[in-house]
Amino acid sequence: MRTASFPEGFVWGVSTSAFQIEGATDQDGRGPSIWDTFAAGAYGDPACDHYRRYADDVRLMQDLGVAAYRFSVSWSRVLPEGHGRVNGPGLDFYDRLVDELLRAGIAPYATLYHWDLPQALQDGGGWTSRDTARHFADYAGVVYDRIGDRVDTWFTFNEPQVAAFLGHASGVHAPGRRSAADAFVSAHHMLLAHGLGLEALRARGAARAGVVLNLSPVLTPAQLGDVSLDLPEEDAEAVARIDALHNRQFLEPVLRGRYPADLLPLVEKVAGLDHIHDGDLDVIGGPIDLLGVNYYTPIVVRAQPGAPADPAFPGSEGVLFCSVPTAVTAMGWPIMPSGLSLVLRRLSEEYPETDVMITENGADFVDVVAGDGVHDIERMSFLEEHLRALRASLDEGARVRGYLLWSLLDCVEWADGYRRKFGIVHVDFTTQRRLLKDSALWYRDVIKRNGLGAERPKRPTLETVAARAGVSRATVSRVVNGEASVSPEARAVVLRAVQELGYVPNAAARSLVTQRTDSVALVLSVPRNGGDALISAVVQYVTGVLEGAGKQITLMLADTAESHRRIIRHVEAGQVDGVVLVPPDGPDPLAERLARTGVPVVLLGRPAIASLVPYVDVDNAGGAKAATRHLLDRGRRRIGVICGPMDLVAVQDRLAGHLAALHEGGLRPAIALAGLDRQSGGAAARELLSGHPDLNAVFATSDELAIGALEAAREAGLQVPRDLAIVGFDDVHAASCTTPPLTTVRVPTADQALALARLLLSRLDGRHTTSVVLPTRLVVRATT
Ligand code: FCB
-4 MRTASFPEGF VWGVSTSAFQ IEGATDQDGR GPSIWDTFAA GAYGDPACDH
46 YRRYADDVRL MQDLGVAAYR FSVSWSRVLP EGHGRVNGPG LDFYDRLVDE
96 LLRAGIAPYA TLYHWDLPQA LQDGGGWTSR DTARHFADYA GVVYDRIGDR
146 VDTWFTFNEP QVAAFLGHAS GVHAPGRRSA ADAFVSAHHM LLAHGLGLEA
196 LRARGAARAG VVLNLSPVLT PAQLGDVSLD LPEEDAEAVA RIDALHNRQF
246 LEPVLRGRYP ADLLPLVEKV AGLDHIHDGD LDVIGGPIDL LGVNYYTPIV
296 VRAQPGAPAD PAFPGSEGVL FCSVPTAVTA MGWPIMPSGL SLVLRRLSEE
346 YPETDVMITE NGADFVDVVA GDGVHDIERM SFLEEHLRAL RASLDEGARV
396 RGYLLWSLLD CVEWADGYRR KFGIVHVDFT TQRRLLKDSA LWYRDVIKRN
446 GLGAERPKRP TLETVAARAG VSRATVSRVV NGEASVSPEA RAVVLRAVQE
496 LGYVPNAAAR SLVTQRTDSV ALVLSVPRNG GDALISAVVQ YVTGVLEGAG
546 KQITLMLADT AESHRRIIRH VEAGQVDGVV LVPPDGPDPL AERLARTGVP
596 VVLLGRPAIA SLVPYVDVDN AGGAKAATRH LLDRGRRRIG VICGPMDLVA
646 VQDRLAGHLA ALHEGGLRPA IALAGLDRQS GGAAARELLS GHPDLNAVFA
696 TSDELAIGAL EAAREAGLQV PRDLAIVGFD DVHAASCTTP PLTTVRVPTA
746 DQALALARLL LSRLDGRHTT SVVLPTRLVV RATT
C-alpha cells in the first residue's frame, strides 16, 4: 500500500470544548450555564478537571506534536450573567491557557460558543431572544480584548444546527425545549450572533475568523451504493428538504447571505418570518476566512408518505430517517468515510472560494484499559479511513487547510455524560489519570510523517493471544467460541490476554474468502421468560435492519433436538453469512455449536459461559441496584428479595445488583427463591413475611413474581406501600395495571433488538464488536 502524505503546512490538531472538559463549574466566579442546569449536577464537574490540569494537557498535546488546539471559551466564566460584569479570574484562565499553548509551540484556535449559554441569558429567553445575539457580540469583544493579541484563529459558533434543534426542538440537549418555532427562531438568532460576533472580531483586527458547521451528505439508502443514482421525484424532494434543514439553512446564509428558497416556507409554517429582520442576512453573510467542518456520519432518508416529522427536524413530515446498513460506532452512528469526501466535493463545487478546516472528526468506541494501554484499533481504523478519504478529496482540489481530531480527551459527551469515549487519550474519571490510547500514538506518527503509513493498523491474531496466554491456539479458539470444555482457569487466562491485546476474532474473514450468501439466519428458541414483547421486537428490527442491508432473513425455530441438528447443518453448509440467536433462558448448547462453525453469531442475553461471542443484554445488575437504592432512599431498611429461576443469568445478575446495593447500605439480605410465575412469587413472599415479620419492602427479580407478592401482601392484610413497598423488574404491560401500579425497572426492548441487528452487521463487516449492555430505567409508581 502507498503512503499518503499531506500538503506541506497542513495543520494537524485536536479539538475540545469548555463544558466537556473544564470542570470547576463553580470556581473563580463562573456563573451557571444551561448545561449545568440541564445536567443538574449529574456530570460536568469535575469533567476532565482541565481547568486545573490545563498545563499537563498542553504537555500531552506537545508530546503528540499537534500544531493547533481548538478549545472553546465558557461564556459564563467570562460574563457570569451573560453580559455586563466581566469576571476577571475567568478571563485569566484563558490567558494562562493561551500562553501555555504558545510556549509549547501550539497555535490556539478559539471557539466562542460551544453550546454553554449562560443560564442568566436563558432566563431572559435565551436564543429565542434577539438580545442574546447582541450580548454575544459584546462577549466576543471582551474575549478578543484579552487574548486576541495571541490568538489568530477564531470560530464564532460550533454547530448552531445542533444547538438550535436538539436544544429547542427535540429537547435532548440544553435548554431542553420542545418547540419547533423556538428552534427556527433560535437558529436565526445564532446566525445573527455569528454575524455580529464576526463584526466585533474584525473591528478589533482578528486575523482569521469563521464558524464551525456540522455537515452531512443527505442520501437515500439506494444512493449509499451509488451516489450518482437518479432518484424518484418523492425521494429527491425528501433529500432536498432534509439537506435544506440540516446543511443549507446554515451554509447559504453564512456563505451567500441568503436563506435557501425552499427552506423559508418550512420556517414560515411553524415560526412565521417576523424574526428575520431586514439587513440581518447582510450581517450574517459577512465574509469569513475559514469554514470549520465537523463530520461524523451521513444522513440517510427516503420519502414515506404520512410519516410524522422527526422531532429534531421540524418540517420533515413524510420523510423516513433510515438506518444504514453499515457498521456503526458505539454511539450508533454509521461509519461512512466517503461521506466526508461528499461533503468536501459539495463545498468545492458550490463555494469554491471557501477555505475549509476539518474542525472535528472522531469516534466513540468501547475501550478496554489493559494494563499498559488501550488498544483501540477500531478508533485508529476509523480515523485512518477518514484521513484516506480526506487525502483523496485534497487530490480532487478540496481547499482543506487542516484536520482537528475530536477529541484529545475522553470527556463529557453532553446528554450521554461520561459513557461515550471519543478521546485519543483515556481519562480515568476517579483519579483523573490520563493514558495515551494506541490511537494517540498512531496520530503522533501521522503528524510526524505528515501522512499515513504504508500499513494499515494491524489487529492482533489468535496466535498472538495464544502466545501471551501461554496456551495452544486450539484452547484460545475454544474460549473464543464459548465452548464449555475449557477449565475456568484457562478461560480466565485467555480472556485476560484477549483484553490486554484488544484481540478481535475475525469471523467475517471466513465469509469474505468463501462466498457471501447475503442470507442471515434468525434462530429463535422458545419459550423465553416474559419475552413476548422482546421476541416480537427482535423479529421486527432484525428483519428490518438486515433486510435494509440487502440480507435475506431465514427464520428458524430451535425447539427440538432435530431442529438443532437441522440448523447446524444449514449453517455449516455455508447457507448463511451470519446468525442472530435468541437462545432460551439458561444454558444453550446451540450457541456453543453455532459459534464453532466460524460463522459470525450474535446472541440475545449474556451467555452463562464467558466467551467472545458478542451479545446484547440490559444492565440487569445496575437495574436491580437502582431499584434497591430507591427502596433505601424511601427509608426502607428491611428489604427481602424474591428471585428466580436461579438458572437464568439475568436473574443471577439482578440478585447480584440487589445484594451489592444492600451491602453498600450496610444491610443484610433476606432471600426467597421462586420460579417463573405469580403463584411462586406469592409463595416466596409468604415465606419471606413469615420468616421476617418486620419486613417493609420486597424487591422481586421479575414483575410476575412482584405481582404474586402484591397478591400475598393483600391476603396478609398488608397495605402497599404503607406496610410493604414492592418493586418488580421488566416493566411488562401488566405492571402498570396492578393495584396499586407497580414500581419496576424498565428494560429497553426496541433498543435491544436494534442493537442486536447492528451488532451482526458490524460483525459481517469485519468490524470490532464488543457486547452491548444497555441501561435500564427505574419507573416509580405507587407500590413504593
Ligand atoms: C459534536 C460536538 C462535540 C462532540 C462531538 C461528538 O457534535 O461538537 O462537542 O459532542 O459531536
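Counting with my numbering, you get residues -4 to 779 for the letters of the sequence shown. Heads up, the beta-carbon is just placed ideally off N, CA and C, and yes, glycines get one too.
Could you tell me which of the options sits nearest to residue i, measuring between CA atoms?
{"i": "A603", "options": "Q570, D642, A204", "result": "D642"}
{"i": "A679", "options": "D40, I637, R591", "result": "I637"}
{"i": "A462", "options": "S480, V489, R454", "result": "V489"}
{"i": "R776", "options": "D746, F308, P716", "result": "P716"}
{"i": "V740", "options": "P260, R758, I721, V207", "result": "I721"}
{"i": "T771", "options": "P452, G368, D612, S376", "result": "D612"}
{"i": "G366", "options": "V157, I279, G497", "result": "G497"}
{"i": "G138", "options": "V234, V295, D90", "result": "First, the residue type needs correcting, since residue 138 is Val and not Gly in the sequence shown. If we check each option's Cα against that of V138, D90 comes out closest."}
{"i": "I419", "options": "F5, T11, G412", "result": "T11"}
{"i": "T349", "options": "N153, T425, L250", "result": "L250"}
{"i": "F724", "options": "A158, W70, L773", "result": "L773"}
{"i": "L436", "options": "S467, V369, S766, P483", "result": "V369"}
{"i": "P260", "options": "A176, S318, M326", "result": "A176"}
From residue i to residue j, what distance separates their C-alpha atoms?
{"i": "R624", "j": "G639", "result": "20 Å"}
{"i": "V471", "j": "L576", "result": "22 Å"}
{"i": "M185", "j": "A169", "result": "15 Å"}
{"i": "W401", "j": "Y46", "result": "19 Å"}
{"i": "L671", "j": "V571", "result": "35 Å"}
{"i": "E699", "j": "P155", "result": "48 Å"}
{"i": "G205", "j": "D284", "result": "6 Å"}
{"i": "R631", "j": "N691", "result": "6 Å"}
{"i": "S67", "j": "P41", "result": "17 Å"}
{"i": "H559", "j": "G287", "result": "56 Å"}
{"i": "I634", "j": "G703", "result": "17 Å"}
{"i": "R673", "j": "T696", "result": "12 Å"}
{"i": "P255", "j": "G545", "result": "35 Å"}
{"i": "V781", "j": "Q15", "result": "This structure gives no information on residue 781, because the portion of the chain shown stretches from -4 to 779."}
{"i": "S514", "j": "S28", "result": "51 Å"}
{"i": "V727", "j": "S531", "result": "14 Å"}
{"i": "R601", "j": "E495", "result": "21 Å"}
Name the two residues that bound the continuous alpha helix (DSSP H) containing residue i.
{"i": "Y49", "result": "45 to 59"}
{"i": "W110", "result": "Unbroken run through W110: none, as it is neither H nor E."}
{"i": "G528", "result": "The identity of residue 528 in the sequence shown is Ala, whereas the question assumes Gly. Per DSSP, A528 belongs to the alpha helix (DSSP H) from 527 to 543."}
{"i": "S472", "result": "468 to 475"}
{"i": "L96", "result": "83 to 98"}
{"i": "G192", "result": "175 to 198"}
With a threshold of 6 Å on Cβ separation, who are the neighbours of residue i within its own chain once the five nearest residues in sequence on each side are excluded?
{"i": "V323", "result": "P329, R753"}
{"i": "A202", "result": "D147"}
{"i": "T738", "result": "V722, V775, R776, T778, T779"}
{"i": "F179", "result": "V262, A266"}
{"i": "G120", "result": "none"}
If I measure Cβ to Cβ from residue i and keep anything under 8 Å in the same chain, skipping five residues before and after, which residues do I get?
{"i": "Y536", "result": "A745, A748, L749, L751, A752"}
{"i": "L389", "result": "F1, P2, V395"}
{"i": "V167", "result": "L161, A307, A410"}
Under 7 Å Cβ to Cβ from residue i, same chain only, skipping five residues before and after it: list those, please.
{"i": "E567", "result": "T592"}
{"i": "V508", "result": "A caution first: V508 carries a pLDDT of 36, below 50, which makes its placement in the model unreliable, though a value can still be read off. Once the five neighbours on either side are set aside, V508 has no close Cβ partner at all."}
{"i": "L654", "result": "P664"}
{"i": "L626", "result": "I634, A692, F694, A720, V722, T779"}
Can you name the start and end residues of the beta strand (DSSP E) that residue i belongs to?
{"i": "M352", "result": "351 to 355"}
{"i": "Y64", "result": "63 to 67"}
{"i": "S318", "result": "Where S318 is concerned, there is no enclosing beta strand (DSSP E), given that its DSSP letter is neither H nor E."}
{"i": "H421", "result": "420 to 422"}
{"i": "L431", "result": "429 to 431"}
{"i": "T739", "result": "739 to 741"}
Item to check | Any 3 or more C-beta pairs closer than 8 Å across the segment 583 to 591 and the segment 613 to 629 | outcome: no
Checklist entry - On the three-pair Cβ rule with 8 Å, is the segment 234 to 244 touching the segment 210 to 221? => result yes
Checklist entry - Three or more C-beta pairs closer than 8 Å, one from the segment 376 to 384 and one from the segment 355 to 364: is that the case here? => result yes
Checklist entry - Are three or more beta carbon pairs between the segment 301 to 315 and the segment 216 to 227 nearer than 8 Å? => result no
Next on the checklist: Check whether the segment 109 to 126 and the segment 66 to 74 are in contact - that is, three or more C-beta pairs closer than 8 Å.
Outcome noted: At 8 Å Cβ cutoff, the stretches touch.
Next on the checklist: Three Cβ pairs or more, each shorter than 8 Å: is that satisfied between the segment 385 to 399 and the segment 304 to 320?
Outcome noted: no
Next on the checklist: Count Cβ pairs between the segment 124 to 131 and the segment 421 to 437 that sit closer than 8 Å; are there 3 or more?
Outcome noted: no
Item to check | contact_flag[the segment 135 to 147, the segment 194 to 201] where n(CB pairs < 8 Å) is 3 or more | outcome: yes
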